[in-house]
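Inspection log for the structure reproduced underneath, given as structure tokens.
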Amino acid sequence: MILNLSSIFPRRSVRQLCAVALFWMLFIGVTGDVSAANSPGQPPMEKSATGVHDGGGHLPVYHTEVTTVKQFGYSYLTAYMFFLSICLGSLILVILHHLFDAGWSVPVRRVTEQIAALLPWMLLLFIPIALLAPQIYPWMNIDPAADHALHVKKVLFNKPTFYVVSFAILGIWSWMALSFRRYSLMQDKDGSPVWTYKSRRLAAAGVFIFAFSVTLAAIYWMKSLQHQFFSTMYGVYYFAGSTWVALGTIYFLINKFRFGVLKEVIFRRQMHDIGVLLFAFTVFYAYIHFSQYFLIWNAAIPEETFWYVLRERGSWAAVGYSLIFIHFAVPFVLLLRIDAKLTWWVMLPLIVLVWVMHYLDMAFNVMPVLYPNGVHFTLWDILVVGGIGALLTKMFFVNYAKNPPYPIKDPRLIEAVTHQESLGVSPISVAQPSSGGH
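Next comes the structure, spelled out in structure tokens:
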């Protein structure tokens, strides 16, 4: 039976949140005790003067005693990188829309613009990371003269550069996101094509700025947690995951709005195309992650392999396998079918899975520095995710409601609507996924 999301969304939201909370409680209960000890078959961790070495003689993995401040800092960083992914994924989708002068995505664009416009909030939310950086990033407390891996990277890994570049990157992202939204809203008022040209020019430069800045951000805020690690694919890896989780979020929101404010402009084709992009980035993410792992494994250079060796300890190995069999395999199989992309009872659990797996992916990158022997989730993780998520969700809906729900005077809007109507369909008749009846 087809579910009318407009009438039951609030109730279903409560049930979905309860299901996610139950998942987390079960997951914490299963993994919490595992993190206390080394897993069998792995060499024990041995303390040294410079940090912690594993018994196999790999490079040091710096970590210190877990304190409340450190736990909060790492939990906050994990949640921050998760929500930043959604904003950045939406920003690149706006850039690509203008870069390719797309028509089908015009009705969807206001949603992606508004998610990207949350980046100024991400700038403010970065302040706790900036304040706790010496507690979060071990390299800030190491003398470069005593650490060759840090010495050769000291041009980037020094405190002044870290703070200047971090806030500059967030400022540039915020400016780009607000500029795209401002141009779009101005066009709603006067209908002038000049705003489309301005958006195209910004997108032409913005795609290069985005690629460079996302790479820097991923290196500074996650990869530098273990500054010895080398990877030329890390920025692309974070970009792929960001776009993937953003597409899942956008599908969720569009499916909500198409029964209400977007019911006149959202067709079956738009929902299908978002599903296709989600499928494409499922494959792309897996390709990037596998390529990084394969090249590092094949080269067998200690400065690279230790990062994966650490993440094969204890229950981190289970998280690594879940990135293969759940993060990739489950969405890949489900999204192969066309009707699955248009069936809400299939897509809703899949979108929840996308959120959970991307958060685990961020934890897989951040938390082994603090808990090298296994997964360890605490109440801080839930509180920080809930707090940041509630703030951003509230700001999104408040700001989205202030403006027209889609670009009402975009030159491509009529084309997007009339093309679908010329095929003999209407937004009303296809507003719900076909699964046998209403």
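Anchor point for the sequence shown: position 407 equals 839 in the numbering used here, and the numbering is continuous, going up by one each time. By construction, the Cβ of each residue, glycine as well, lies at the ideal position given by its N, Cα and C atoms. Small disclaimer: the values here were computed from a predicted structure and weren't measured.
The Cβ atoms of Ala672 and Tyr717 lie closer than 8 Å to each other.
Looking at Gly806, Leu792, Val830 and Lys841, the one whose alpha-carbon comes closest to that of Ala511 is Leu792.
The straight-line gap separating the alpha-carbon atoms of Met572 and Tyr652 is approximately 12 Å. Of the candidates Asp533, Val849, Ile601 and Val501, the residue whose Cα lies closest to the Cα of Arg700 is Val849. Cβ-Cβ distances below 7 Å link Phe589 to Trp571, Leu582, Ser656 and His659 in the same chain, with the five nearest sequence neighbours on each side left out; the list follows chain order. The alpha-carbon of Asn797 is positioned some 46 Å away from that of Ser624. Spanning the alpha carbons of Met513 and Gly818 requires a straight line of approximately 14 Å.
In the three-state reduction of the DSSP assignment, Ala732 falls in the coil class. In this structure, His530 keeps its C-beta atom at 8 Å or more from the C-beta atom of Ser611.
In this structure the segment 751-767 touches the segment 696-711; the number of beta carbon pairs closer than 8 Å is three or more. A straight line joining the alpha-carbon of Arg844 with that of Leu679 spans about 21 Å.
By alpha-carbon distance to Val498, the top candidate from Ser616, Thr810 and Thr675 is Thr810. Around the CB of Glu545, 16 or more other CB atoms lie within 10 Å, so the residue is classed as buried. When DSSP states are grouped into helix, strand and coil, Val798 belongs to the helix group. Per DSSP, Asn831 is one residue of the alpha helix (DSSP H) stretching across Leu811 to Ala833. Residue range Val538 to Ala548 is occupied by the alpha helix (DSSP H) that includes Val540. Ser507 is positioned such that its CB atom lies no closer than 8 Å to that of Asp705. Excluding residues up to 5 positions away in sequence, Ser674 lie with their Cβ nearer than 6 Å to the Cβ of Leu520 in the same chain. Taking a C-beta distance under 8 Å as the contact criterion, Leu556 and Ile820 do not qualify as a contact pair.
When the beta-carbon positions are compared, Ile527 and Ile547 stay at least 8 Å from each other.
In the three-state scheme derived from DSSP, where H, G and I count as helix and E and B as strand, Arg690 is classed as coil.
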